[in-house]
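Below is one structure, written out as structure tokens, with a few remarks after it.
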Amino acid sequence: MQRLKYVLSEVMVGLWRNVTMTIAMIITMAVSLAMLGASGLMYMQVDSMKDFYYKNIEVAIFLDAEVTDAQRSELKTQLEGDPLVREVIYESKQQAYEKFKTMYADAPDLVNAVKEGQLPESFRVRLNNPEQFKQIFDKYENTEGIETIVDQRRLLDKIFNILGSVQNMALAAATVMAIAALLLVGNTIQVAAYSKRREVAVMKLVGASNWFIQAPFVLEAVVAGLIGSIIAFAGLAAFKGFLLDGSLRDLTDLLTRLSWGDVLLMFPLMAGVGGLVSAITAWVTLRFYLRV
Amino acid sequence: MIQLENVTKTYPKASRPSLDQVSCGIEKGEFVFFIGPSGSGKSTIIKLLLHEVTPNQGKVVVNGRDVTSMRSWKIPHFRRSIGCVFQDFRLLPNRTAYENVAFALEVIGKTKAVARRVVPEVLELVGLGGKEHRYPHELSGGEQQRVAVARAFVNRPLILLADEPTGNLDPDTSIEIMRLLDRINRTGTTVVMVTHDSNIVNQMRRRVVEIESGRIVRDQARGVYG
């Protein structure tokens, strides 16, 4: 109990002794962890978007303007009997036009420019396995009466690729900041070990156990890491509260909504990574500077 | 109590060994001087006994335990049975005499209550009664060394190692410190002292082991400096 009190008071003294360095350490740690949290959120976001959109995804087989009734019904039976296909829905020219009208209801000029009958009729095909688009494409590509075959998944993949690369950039930034944070942790611990070298020498001499000598330094780094993760979490929460739910509302409605639960879930991740990584860095630094 | 068997220690980059095939045994309760010129290797013996360095060859046995093969996590506990005093005192400047001694107890897990009972006692023993709350800079060199001795002895170690404890003190003060070490020796504590202070060695008339260029050249039961 008393030793615990000693260790804790040493931690506070240690953080305070070198307060500018401590602040620098906490800030870089916070930025790095915020990046990490942001890329974690983005990962979950992309995941839930994939879930949402892939469920509704279709292969659209657009038919020629001059397609014959025989060709159309033959294609229909062929598609319905295809083992790759789960569901086939026919969309006539008129249905396509109705859909187009509702989709672009707020752009009347565009709707007026398109006349009924200009939009092609199509078969909307859902596959048992959306990955098998290529097989469908190869099979029906040269069938009479088909104009084009479009995989909507491909369009979505482009969006996901963009989101994915933003996520990677956030991860890369998190890594770079993490390296800076680790160097600062290492440096802070070195300074702390140096300023306490007399105490450490006496402790070693009289036989204080290694954990007792090292604990204040390691905990100092852990406390800084945890404070950094709290700041990072506050930053993420502010980002979600003020930007995503505030001024960027229109944009976020397009994507699936980010829930507070997801944001909250990032806290243990950031705190865990922040605390653990600082502890390991401090411990490794001590291995070099506090040889027993 | 202490057994050195064919111990050779060569520091990295050194051209010749600091200790070369040294064998020496010390019994419980003995008072032994290791003497010799600077660089003869006598301080290396203290470092070996504390496991601050490990020998290249040979065996070091302290308290019946082979120090050479001791696992590193056992070293702290092992050191609690050894007290140590140095030429430069190694006191913490921002702590009083009392706190310096109590620190040594607290960092090995003794409670404040134990410290309150034991520390005044040991400070009295070294002749610092009434000066418990002075800081090192408020004490003379001899008094600072007394605090260091109190800190080394507060755990009642089996062995007290002293590395030139009088090196920074004037002759009169040195003799007082020697009286103190002698008193500690009489409680049954084995004392090993490294020195090149001929005055003291000649006055004490205790066992003298002389080292030259890493070898033992003399081992005399009631020796003089030579």
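Chains as they are written, first to last, in this note's numbering: chain X, 11 to 302; chain W, 869 to 1094. All C-beta atoms in this analysis are idealised placements derived from N, C-alpha and C, irrespective of residue type, glycine included.
Problem set entry | Thr1063 of chain W in three-state terms, based on DSSP | One-based indexing of the second sequence puts residue 1063 of chain W at position 195. Strand at Thr1063 of chain W.
Problem set entry | Beta bridge counterpart(s) of Ile156 of chain X as assigned by DSSP | Counted from its first residue, the first sequence places residue 156 of chain X at position 146. Looking at the DSSP assignment, Ile156 of chain X forms a beta bridge with X:Leu73.
Problem set entry | Three-state secondary structure assigned by DSSP to Asn874 of chain W | In the second sequence, counting from the first residue as 1, residue 874 of chain W sits at position 6. In this structure, Asn874 of chain W counts as strand in the three-state DSSP scheme.
For this session: Measure how close the beta-carbons of Val69 of chain X and Ile146 of chain X come, nearest whole angstrom, since I'm counting them as under 8 angstroms.
Result: Residue numbering aside, residue 69 of chain X sits at position 59 when the first sequence is read from its first letter. Residue numbering aside, residue 146 of chain X sits at position 136 when the first sequence is read from its first letter. Yes, they are in contact, since the Cβ atoms of Val69 of chain X and Ile146 of chain X sit about 6 angstroms apart, within 8 angstroms.
Problem set entry | Any chain X beta carbon closer than 8 angstroms to Gly1035 of chain W | Reading the second sequence from its first residue, position 167 is the one you call residue 1035 of chain W. It does not: the Cβ of Gly1035 of chain W has no partner Cβ on chain X nearer than 8 angstroms.
For this session: Quick one: residues in its chain with C-beta nearer than 6 angstroms to the C-beta of Gln81 of chain X, no 5 flanking neighbours on either side, listed in chain order?
Result: Numbered from 1 along the first sequence, position 71 holds the residue referred to as residue 81 of chain X. For Gln81 of chain X, where only same-chain residues beyond five positions count, the Cβ hits under 6 angstroms are Glu154 and Gly155.
Problem set entry | Close Cβ partners of Cys952 of chain W (< 7 angstroms) along its chain, the five nearest in sequence each way excluded | Locating residue 952 of chain W in the second sequence gives position 84, where the first residue counts as 1. Excluding sequence neighbours, Cys952 of chain W sits near Leu918, Ala1020 and Leu1029.
Exercise. Where does Gly238 of chain X land, buried or exposed, given buried means 16+ other C-beta within 10 angstroms?
Worked result: By one-based count along the first sequence, residue 238 of chain X stands at place 228. That one is buried.
For this session: Check distances from the C-beta atoms of the segment 211–223 of chain X to those of chain W and list, in chain order, the residues that come in under 7 angstroms.
Result: Ala211, Val212, Met213, Leu215, Val216, Gly217, Ala218, Ser219, Asn220 and Phe222
Exercise. Who are Leu137 of chain X's beta bridge partners in DSSP?
Worked result: Taking the first residue of the first sequence as 1, we reach residue 137 of chain X at position 127. Answer is X:Val95.
Exercise. Do you know how far the Cα of Arg884 of chain W is from the Cα of Thr878 of chain W?
Worked result: Stepping through the second sequence from its first residue, residue 878 of chain W is reached at position 10. Stepping through the second sequence from its first residue, residue 884 of chain W is reached at position 16. In a straight line, the C-alpha of Thr878 of chain W is about 7 angstroms away from that of Arg884 of chain W.
For this session: Measure from the alpha carbon of Asp161 of chain X to the alpha carbon of each residue in X:Ser175, X:Ala106, X:Phe133 and X:Ala182, then state which is nearest.
Result: As a working mapping, residue 161 of chain X is identified with position 151 in the first sequence. Of the candidates X:Ser175, X:Ala106, X:Phe133 and X:Ala182, the one whose C-alpha sits nearest the C-alpha of Asp161 of chain X is X:Phe133.
For this session: Look up Asp1087 of chain W in the DSSP assignment and say whether it is helix, strand or coil.
Result: Along the second sequence, read from residue 1 onward, the residue named residue 1087 of chain W stands at position 219. Three-state DSSP puts Asp1087 of chain W in a strand.
Problem set entry | Glu209 of chain X at chain W interface by Cβ criterion, 8 angstroms | Position 199 of the first sequence, counted from the start, is the residue given in the question as residue 209 of chain X. Answer yes: the Cβ-Cβ gap between Glu209 of chain X and chain W drops below 8 angstroms somewhere.
For this session: Compare the Cα-Cα distances from Ala248 of chain X to each of X:Val273, X:Leu229 and X:Ala234 and report the closest residue.
Result: Here residue 248 of chain X is taken as the residue at index 238 of the first sequence, counted from 1. The shortest C-alpha separation from Ala248 of chain X is found at X:Val273.
Exercise. If you measure from the beta carbon of Phe971 of chain W to each beta carbon in chain X, is any gap under 8 angstroms?
Worked result: Along the second sequence, read from residue 1 onward, the residue named residue 971 of chain W stands at position 103. Interface residue, yes.
Exercise. Going by beta carbon distance, what residues of the same chain come within less than 6 angstroms of Phe954 of chain W, once the five residues before and after it are set aside?
Worked result: Taking the first residue of the second sequence as 1, we reach residue 954 of chain W at position 86. Same-chain partners within the cutoff: Asp1031.
Exercise. Going by the CB atoms, is the gap between Tyr63 of chain X and Leu166 of chain X shorter than 8 angstroms?
Worked result: For the purposes of this step, residue 166 of chain X is identified with residue 156 of the first sequence, where counting begins at 1. For the purposes of this step, residue 63 of chain X is identified with residue 53 of the first sequence, where counting begins at 1. Yes, they are a contact pair.
Exercise. If you draw a straight line from the alpha carbon of Thr112 of chain X to that of Leu120 of chain X, how long is it in whole angstroms?
Worked result: Start at 1 with the first residue of the first sequence, and residue 112 of chain X comes out as number 102. Start at 1 with the first residue of the first sequence, and residue 120 of chain X comes out as number 110. Cα to Cα, the separation comes out at about 12 angstroms.
For this session: Please list the partners that Glu873 of chain W has in chain X, where partner means a Cβ-to-Cβ separation under 7 angstroms.
Result: By one-based count along the second sequence, residue 873 of chain W stands at place 5. What Glu873 of chain W touches in chain X: nothing, since even the nearest Cβ is about 24 angstroms away.
Exercise. Counting contacts by CB-CB distance shorter than 8 angstroms, is Tyr16 of chain X in contact with chain W?
Worked result: For the purposes of this step, residue 16 of chain X is taken as the residue at position 6 of the first sequence. Interface residue, yes.
For this session: Specify the secondary structure class of Tyr966 of chain W as computed by DSSP and reduced to three states.
Result: Walking along the second sequence from the start, residue 966 of chain W turns up at place 98. Residue state, collapsed to three classes: helix.
For this session: Counting only the same chain and skipping the five closest in sequence on each side, list residues whose C-beta sits under 6 angstroms from that of Leu173 of chain X.
Result: On the first sequence, position 163 is the one that residue 173 of chain X refers to. So the list reads Val56, once near-sequence residues are dropped.
Exercise. Measuring CA to CA, which of W:Phe902, W:Pro923 and W:Glu967 is closest to Ser1066 of chain W?
Worked result: In the second sequence, counting from the first residue as 1, residue 1066 of chain W sits at position 198. Out of W:Phe902, W:Pro923 and W:Glu967, W:Phe902 has the C-alpha closest to the C-alpha of Ser1066 of chain W.
For this session: Pick out whichever of W:Gln889, W:Arg1002 and W:Ser937 has its Cα sitting closest to the Cα of Val969 of chain W.
Result: For the purposes of this step, residue 969 of chain W is taken as the residue at position 101 of the second sequence. For the residues W:Gln889, W:Arg1002 and W:Ser937, the minimum Cα distance to Val969 of chain W belongs to W:Arg1002.
For this session: State the start and end residues of the unbroken beta strand (DSSP E) segment that holds Glu1080 of chain W.
Result: Position 212 of the second sequence, counting from 1, holds the residue named residue 1080 of chain W. Note, Glu1080 of chain W: beta strand (DSSP E), Arg1075 to Glu1080.
Exercise. Can you tell which of X:Gly91, X:Leu18 and X:Asn138 has the C-alpha that lies nearest to the C-alpha of Ile304 of chain X?
Worked result: Shown here, chain X extends from 11 to 302; a query on residue 304 of chain X therefore has no answer.
Problem set entry | Given 8 angstroms, three or more beta-carbon pairs between the segment 1057–1066 of chain W and the segment 905–921 of chain W | yes
Problem set entry | Counted within 10 angstroms of its Cβ, other Cβ atoms place Thr198 of chain X as buried (16 or more) or exposed | The residue labelled residue 198 of chain X in the question sits at position 188 within the first sequence. The residue in question, Thr198 of chain X, is buried, as its Cβ has 16 or more Cβ neighbours within 10 Å.
Exercise. CA-CA distance, Asn1023 of chain W and Met938 of chain W?
Worked result: What you label residue 1023 of chain W is simply residue 155 of the second sequence in a count that begins at 1. What you label residue 938 of chain W is simply residue 70 of the second sequence in a count that begins at 1. Distance between the alpha carbons of Asn1023 of chain W and Met938 of chain W is about 22 angstroms.
For this session: Check the DSSP bridge columns for Gly893 of chain W and list the partner residues they point to.
Result: Counting from 1 along the second sequence, the entry for residue 893 of chain W is found at position 25. The partner list for Gly893 of chain W (beta bridge, DSSP) reads W:Gln871.
For this session: Please work out which residues of its chain come closer than 6 angstroms, Cβ to Cβ, to Gln925 of chain W, disregarding the five sequence neighbours upstream and downstream, and give them in chain order.
Result: Locating residue 925 of chain W in the second sequence gives position 57, counting from the first residue. Cβ neighbours of Gln925 of chain W beyond the five flanking positions: Thr876.
Exercise. Roughly how many angstroms separate the alpha carbons of Met1072 of chain W and Tyr1093 of chain W, rounded to a whole number?
Worked result: Counting from one through the second sequence, the residue named residue 1072 of chain W turns up at place 204. Counting from one through the second sequence, the residue named residue 1093 of chain W turns up at place 225. Each residue's Cα considered, the two are about 10 angstroms apart.
Exercise. Would Trp293 of chain X pass as a contact of Gln200 of chain X if the rule is Cβ separation under 8 angstroms?
Worked result: For the purposes of this step, residue 293 of chain X is identified with residue 283 of the first sequence, where counting begins at 1. For the purposes of this step, residue 200 of chain X is identified with residue 190 of the first sequence, where counting begins at 1. Result no, Cβ atoms of Trp293 of chain X and Gln200 of chain X do not sit closer than 8 angstroms.
Exercise. Where do the N-terminal and C-terminal ends of the alpha helix (DSSP H) with Ala242 of chain X fall, by residue?
Worked result: As a working note, residue 242 of chain X is residue 232 in the first sequence. Per DSSP, Ala242 of chain X belongs to the alpha helix (DSSP H) from Asn220 to Ala248.
For this session: Mind reading off the beta-carbon distance from Ala184 of chain X to Met45 of chain X? Whole number of angstroms is fine, and I expect it under 8 angstroms.
Result: Stepping through the first sequence from its first residue, residue 184 of chain X is reached at position 174. Stepping through the first sequence from its first residue, residue 45 of chain X is reached at position 35. Yes, they are in contact, since the Cβ atoms of Ala184 of chain X and Met45 of chain X sit about 3 angstroms apart, within 8 angstroms.
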